[in-house]
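One structure is given below, encoded as structure tokens.
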Amino acid sequence: MKLTTAQKNFMQALQSGKTPSRNVNDKTAKALATIGLVKFVVMVGWVATKEGFAINLNDQEAV
Numbered sequence: 001m002k003l004t005t006a007q008k009n010f011m012q013a014l015q016s017g018k019t020p021s022r023n024v025n026d027k028t029a030k031a032l033a034t035i036g037l038v039k040f041v042v043m044v045g046w047v048a049t050k051e052g053f054a055i056n057l058n059d060q061e062a063v
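Start counting the sequence shown at 1; every next residue gets the next number (the UniProt record's numbering).
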């Protein structure tokens with residue numbers, strides 16, 4: 001799967017422990033949620049799933 005630059009940056013922030021967005025309508029997060037890499041948790045924001053933490057972003061090519 002190929003991720004866009006914005007999606008890659010979003011995932012890097014999540015994997016490093018930061019919450020890049022608490023907006024439930026964030027388009028980048030919604031796109032990542034459709035492929036199962038993130039989910040929204042109320043009062044926390046977007047968090048990476050088990051699959052999201054397992055993805056190696058260094059091997060991903062930006063679209």
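By construction, the Cβ of each residue, glycine as well, lies at the ideal position given by its N, Cα and C atoms.
Leaving out the 5 sequence neighbours to the left and right, which residues in its chain are closer than 6 Å to residue i when beta-carbon positions are compared?
i	result
PHE40	VAL24, TRP46
THR19	GLY45
Using a Cβ-Cβ cutoff of less than 8 Å, which residues in the same chain neighbour residue i once the five nearest sequence positions on both sides are dropped?
i	result
ALA48	MET11, LEU14, GLN15, LEU37, VAL38
What's the gap between the Cα of residue i and the Cα of residue j?
i	j	result
ASP59	LYS30	22 Å
GLU51	THR4	17 Å
ASP26	GLY17	18 Å
Is the beta carbon of residue i less than 7 Å from the beta carbon of residue j?
i	j	result
ALA8	LEU57	The residue asked about is misnamed: residue 8 is Lys in this sequence, not Ala. In contact: LYS8 and LEU57 (Cβ atoms closer than 7 Å).
ALA54	THR28	no
Judging by CA-CA distance, which residue of the options is the nearest neighbour of residue i?
i	options	result
VAL42	THR4, ILE55, ARG22	ARG22
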